[in-house]
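Protein chains in written order, with the working numbering: chain D, 80 to 164; chain A, 676 to 865. Taking it in order: structure first as structure tokens, then the write-up.
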Amino acid sequence: MRNNDRTKLLDEIRAIEFMTVELNLYLDTHPDDQKALNDYNSYTKQLMALKDEYQRRYGPLSNFGTAVSDYPWAWINSPWPWEFD
Amino acid sequence: MWIYEKKLEYPVRIKNPNPKMAKLIITQYGGPDGELAASLRYLSQRYTMPIPEAKALLTDIGTEELAHFEIVGTMVYQLMKGSSPEEIKAAGAADYFVDHGHGVYPQSAAGNPFTAAYIQSKGDPVTDLYENLAAEQKARSTYEYLIQVADDPDVIDPLKFLREREVVHFQRFGEALMKVQEYLESKKLF
Ligand SMILES: [Fe+2]
Numbered sequence: 080m081r082n083n084d085r086t087k088l089l090d091e092i093r094a095i096e097f098m099t100v101e102l103n104l105y106l107d108t109h110p111d112d113q114k115a116l117n118d119y120n121s122y123t124k125q126l127m128a129l130k131d132e133y134q135r136r137y138g139p140l141s142n143f144g145t146a147v148s149d150y151p152w153a154w155i156n157s158p159w160p161w162e163f164d
Numbered sequence: 676m677w678i679y680e681k682k683l684e685y686p687v688r689i690k691n692p693n694p695k696m697a698k699l700i701i702t703q704y705g706g707p708d709g710e711l712a713a714s715l716r717y718l719s720q721r722y723t724m725p726i727p728e729a730k731a732l733l734t735d736i737g738t739e740e741l742a743h744f745e746i747v748g749t750m751v752y753q754l755m756k757g758s759s760p761e762e763i764k765a766a767g768a769a770d771y772f773v774d775h776g777h778g779v780y781p782q783s784a785a786g787n788p789f790t791a792a793y794i795q796s797k798g799d800p801v802t803d804l805y806e807n808l809a810a811e812q813k814a815r816s817t818y819e820y821l822i823q824v825a826d827d828p829d830v831i832d833p834l835k836f837l838r839e840r841e842v843v844h845f846q847r848f849g850e851a852l853m854k855v856q857e858y859l860e861s862k863k864l865f
């Protein structure tokens, strides 16, 4: 089931997360690049805030103790990635 | 420990099923240059990497490849979804259908089941990193071939994303190889 606001926020999360993945791999082989590190930290803070917002509105993105759940156990009900997200 | 995130690294929204294309794209799920092989290769090789940069890089690219494994699995699932056995047969994918139905199974486009024989973990960091450079190029070629035979923008778009990632991984492995070689040289000197 497509929910446009949810999908929009998820796309935003994906875009910021992509920057963190890309910078992370770069920093693995350039650990002394201060500018890249600053960018990484700044994107990471943005990403954490967006994920918090998403999880408050639409339920957990992650499990195993990384996000609290409403009653009943919300993990099983939000859409799975292979369904349109 | 790994933590699952309930979302794709890159979205897949295929509106028109295409079992023939599913049967080709499956090769990046469980074929010789596919994402499962990539992930397994890097996550296995990382134990014997001698420097922190390389241990981190293999862990992180190995993890990103798992996200790609999920993107490709999603593409196959959506391409098979909703097709009747007649449509699947007409599309030339009846062989896949009789073995796996609408399921997602790690095999190559030619139908060979996934095998660890696709990968190597040699315990020699230089050898392993050279293998990875080649592996990233082979995956890039495969994505290019898939893009050449695809005609649906919903399919081509995620394939292009995946192709780009292989280019970036190749670049990073090259840097890691240089650092490992520098490290091994410095050990010889002292
Ligand atoms: Fe890769």
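Here a beta-carbon is modelled for each residue, glycine too, at the ideal position from N, C-alpha and C.
1. Using a C-beta cutoff of 8 Å, does D/Arg-135 count as contacting chain A?
2. Going along chain D, which residues have a C-beta under 8 Å from A/Tyr-752?
3. What in chain D is Cβ-close to A/Gly-748, meaning under 8 Å?
4. Looking at the secondary structure, which residues open and close the alpha helix (DSSP H) in which D/Tyr-119 lies?
5. Here's a check: name, in chain order, each residue in its chain whose Cβ is nearer than 8 Å to the Cβ of A/Thr-749, leaving out the five neighbours to either side.
6. Establish whether the CB of D/Pro-151 and some CB of chain A are separated by less than 8 Å.
7. Just the C-alpha distance for A/Ala-769 and A/Val-751, rounded to the nearest angstrom, thanks.
8. Please work out which residues of its chain come closer than 7 Å, Cβ to Cβ, to A/Phe-848, disregarding the five sequence neighbours upstream and downstream, and give them in chain order.
9. Taking the alpha-carbon of A/Val-676 as reference, which of D/Asn-142, D/Glu-96, D/Val-100 has the nearest alpha-carbon?
10. Among the residues of its own chain, which have a CB less than 7 Å from the CB of A/Thr-817, if the five just before and after it don't count?
11. Could you give the DSSP three-state label for A/Ser-758: helix, strand or coil?
Judging by the given coordinates:
1. no
2. Trp-161
3. Within 8 Å Cβ-Cβ: Trp-161.
4. 113-137
5. Leu-683, Val-687
6. Chain A contact via Cβ: absent.
7. Between A/Ala-769 and A/Val-751, the C-alpha separation is close to 15 Å.
8. Leu-804, Asn-807, Leu-808, Glu-811
9. Reading off the sequence shown, one finds Met at residue 676 of chain A, where the question assumed Val. With distances taken between Cα atoms, A/Met-676 lies closest to D/Asn-142.
10. Thr-702, Gln-703, Asp-708
11. coil
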